[in-house]
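Numbering (the working numbering), first residue to last: 59 to 191.
Below is one structure, written out as structure tokens; comments come after it.
Spelled out as structure tokens, the structure:
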């Protein structure tokens, strides 16, 4: 079973989200947390840092686990999504790297209701990240 790590970079009451590219098999064109699959032999912390560096060029320096979610549409595998709030990082401004995402942006709680997120469960997790930041 695959393990997934997801980072919510939080700053000034906003969270960084990335829009999944239209060619993606899972949740194309929906907004997502930064992250991806944990590789074989890799710990969750290592995977979180690697995925953030690969996707948006930011290196988490401090992060707190918020929740473990299970994809409701994935009846077969029930892969765990380990979500983390990231209040401290290095690397300056986030930028899209690779082809997994089509755009990124910083969003406040008032933006979330109108957004289509990759997982419905993200709404409550993101609100918690913003509240705790």
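The C-beta atom is built at its ideal place from N, Cα and C for all residues, glycine as well.
The model shown is predicted, which means the values in this text are computed figures rather than measured ones.
Near residue i, what residues of its chain come up, given a Cβ to Cβ distance below 8 Å and the 5 sequence neighbours on each side ignored?
i, result
"residue 72", "164, 165, 166, 188"
"residue 113", "76, 92, 93, 94, 154, 155, 156, 158, 159"
"residue 62", "93, 94, 95, 96, 137, 138, 139, 140"
"residue 170", "181, 184, 185"
Bridge partners of residue i, per DSSP?
i, result
"residue 181", "For residue 181, which the question treats as bridged, DSSP gives no partner whatsoever."
"residue 125", "141"
"residue 107", "BP columns for residue 107 are empty, so no partner."
"residue 69", "72"
"residue 148", "117"
"residue 161", "77"
Using a Cβ-Cβ cutoff of less than 7 Å, which residues in the same chain neighbour residue i once the five nearest sequence positions on both sides are dropped?
i, result
"residue 107", "117, 118"
"residue 147", "67, 116, 117, 118, 119"
"residue 179", "127"
Which residues in the same chain as residue i place their Cβ atom closer than 6 Å to its Cβ, once the five residues preceding and following it in sequence are excluded?
i, result
"residue 141", "64, 124, 125, 183"
"residue 122", "143"
"residue 84", "none"
Whole-angstrom Cβ separation of residue i and residue j, contact assumed at under 8 Å?
i, j, result
"residue 152", "residue 74", "6 Å"
"residue 129", "residue 177", "6 Å"
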